[in-house]
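A quick write-up on the structure given underneath.
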Amino acid sequence: MPLSLHEALLNPKTLRELQLNPKTFKFRQAVELKVAGESSAFMNFRPDPAMEGRSIMGGPVGNLVSYLARALNFTWYPVRPADATFGSKMPNGSWSGVMGLVNRGEADMGYGPLLMSLERSEGVDFGDTLMFFNFKVMSGRGSPEMNPWGFLYPLTPLVWLGLFAALVCVWLSSVLLLNHALRSSWFDRVVGQFTIHIRVLLRQDLPKRFSHGREMALVGSWMMVTMIVVMGYSSTLVSLLAARNIPQPIQSLSDLVQSDNVVILKPNSGSTTYVLPTMGFGEMAGNSLRILFDDLPLPQQSSTSGIYKELGDLRHKNRMAFIKSKDRGTAIDTLVREGHHSLYDVDFSLANLISDDFSIMGRCDFYLSRESSLASPASVGVTPGSPILPALNHRIHNVLAAGLFDYWLGQAIRNSTVCRKAPNTITVRAPLSLKVCWGMFTVWGVGLLLALLTFSLEIVVANAFAGRAPPSSGNVE
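Using full-length UniProt numbering, read the sequence shown as starting at 1 and increasing by one per residue.
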């Protein structure tokens, strides 16, 4: 029967060899270690067909532990915490989850990999850094949308302003070049010239011929400018009408806080304890999340200012929920996909969820924020004071130097690059609907309304002046 790690280290010769030669140490007796972990993107569990009640750990962490077992000559089996979390420090000083199993000696080492922090270092001894965690926000990609005001986008605001300024300059110049000997009022000449240049801009015919070369040169130059601008506008507008934008508004924690989305966290994890030190857990209840606090008072968050405090304050607005790692697949399918929830977690775990969803659905329904946060080291944790840690560190260095762990991570994610840079603009061929064109019709309707108001005002003003005009001599008796 294999010895436990504690029993093996009671042998003075074994302990001395482990302490003096950790780089080359191997167990000379049959030793069986208990390795704590919980289902995540880094490890998975399946029943052990050879031994009832036990599981087999797979994934990148499973490969790492198997390598360590061969290098140190021990056998192992995984143990999982009852609360299905990686663990945090409780108000009474004890530890939950994987951290608790290792801290109490119920497991010889624990993996997540576990996010390293000052608080967690009180519960376990951490090995050398295995990898760095970067946290991102995962949200549902919206449905393709067409901006009804897209007809304004072919030209930038500066170009629109420049075009209007050029129209005013050409109009004023043409007014100055007019033949003032013409028998028409000054108002008619000014309005007439403005109408001419508007007709040129709208590619309509000119109402008269120009007799002077200076007028022809001015109108010709204006016609060339408007032709280039209008042709460029028309071609760009055709492209924009065929494009549909897929909204991806949440690109940072600030965007998440300012949105209406509910943020989903893992209970009793490293990231959760940074925002809220001790929280309960969430469980699925139909299509919603019910938040439980384990009969504990609502805790004070560790961050007292900045974006993490704002994130923690979302719990006061009913915009915070918790799910266990094993329930994430159900949560993203019923909540995140709908667009009103966002998941905050390690980027590798989120990429794994997106990859698995693409393998099932055949499309990219989710996206990750461009901004990452909470960059933190992660590694293995062992029981405080365990002498096996230096030997583990040497083997971990070998794995990292050979690139094996990165290779295992890459193999763990199927279709890892398909949705990484999915386009947020797609091209479609479909008839234009009123939903797409209502912006243009709004401008047209406002123009007609202004024309009607102007026409009515002209009638009112004309009648008012006609009533004040003195009677003609022919009407006096």
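Cβ atoms here follow ideal geometry from the backbone N, Cα and C, with glycine treated the same way.
Cβ distance (whole Å) where residue i is taken to contact residue j below 8 Å
i    : j    : result
L256 : V137 : 5 Å
S373 : N261 : No, S373 and N261 are not in contact; Cβ-Cβ is about 16 Å, not under 8 Å.
P148 : G439 : 4 Å
F366 : D357 : 7 Å
R370 : L353 : R370 to L353, Cβ: 18 Å. No contact.
Y344 : F135 : 6 Å
L15  : L392 : Contact flag wrong, Cβ pair sits at about 15 Å.
Identified DSSP bridge partners for residue i
i    : result
V346 : F135
L3   : V31
A321 : I264
L368 : M138
M43  : S40
F358 : F358 is not bridged to any residue.
K89  : W95
N103 : According to DSSP, N103 bridges with nothing at all.
D125 : V382
Sub-9 Å separation of residue i and residue j beta-carbons
i    : j    : result
W222 : V168 : no
S254 : L218 : no
K23  : N73  : no
G87  : P81  : yes
K317 : P267 : no
A30  : T75  : yes
V230 : L201 : yes
A36  : V102 : yes
M109 : T417 : no
S94  : D83  : no
P390 : T129 : no
V61  : P113 : yes
M99  : R120 : yes
R203 : M227 : yes
L409 : M116 : no
L10  : P387 : no
L177 : E215 : yes
E38  : T85  : yes
C364 : C437 : no
Residue i to residue j span [Cα, whole Å]
i    : j    : result
N21  : F126 : 20 Å
Y153 : L237 : 8 Å
F348 : T442 : 47 Å
K421 : G447 : 42 Å
L450 : G150 : 23 Å
L33  : I264 : 34 Å
I413 : N44  : 13 Å
G58  : S235 : 55 Å
R104 : V124 : 9 Å
I459 : F465 : 10 Å
Y407 : A351 : 16 Å
F133 : G381 : 16 Å
A285 : T334 : Its pLDDT being 35, under 50, A285 is placed unreliably in this model, and the value from its coordinates should be taken loosely. Each residue's alpha carbon lies about 11 Å from the other.
S259 : N424 : 19 Å
L400 : S379 : 12 Å
L453 : L161 : 26 Å
R54  : S305 : 45 Å
L292 : A331 : A caution first: L292 carries a pLDDT of 35, below 50, which makes its placement in the model unreliable, though a value can still be read off. Going by the C-alpha atoms only, they are around 16 Å apart.
V225 : Q193 : 17 Å
V191 : L206 : 14 Å
G339 : G142 : 7 Å
Q248 : A402 : 38 Å
R315 : F322 : 11 Å
Bounding residues of the alpha helix (DSSP H) (the contiguous stretch that carries residue i)
i    : result
L115 : Taken as a continuous stretch (DSSP letters only), L115 belongs to no alpha helix (DSSP H), being part of the beta strand (DSSP E) at M109 to L115.
I396 : L389 to A401
A375 : That residue, A375, is in no alpha helix (DSSP H); its beta strand (DSSP E) goes S373 to V382.
T226 : G213 to L241
V159 : P157 to L176
T75  : First-last for T75: T75 to V79, but that is the beta strand (DSSP E), not the alpha helix (DSSP H).
S66  : G59 to L72
I307 : I307 to G312
Y407 : L404 to A412
W149 : First-last for W149: undefined, no H or E at that position.
L253 : L253 to Q258
D188 : W186 to L201
R315 : Per DSSP, R315 belongs to no alpha helix (DSSP H) and is neither H nor E.
T14  : P12 to L20
R328 : R328 to A331
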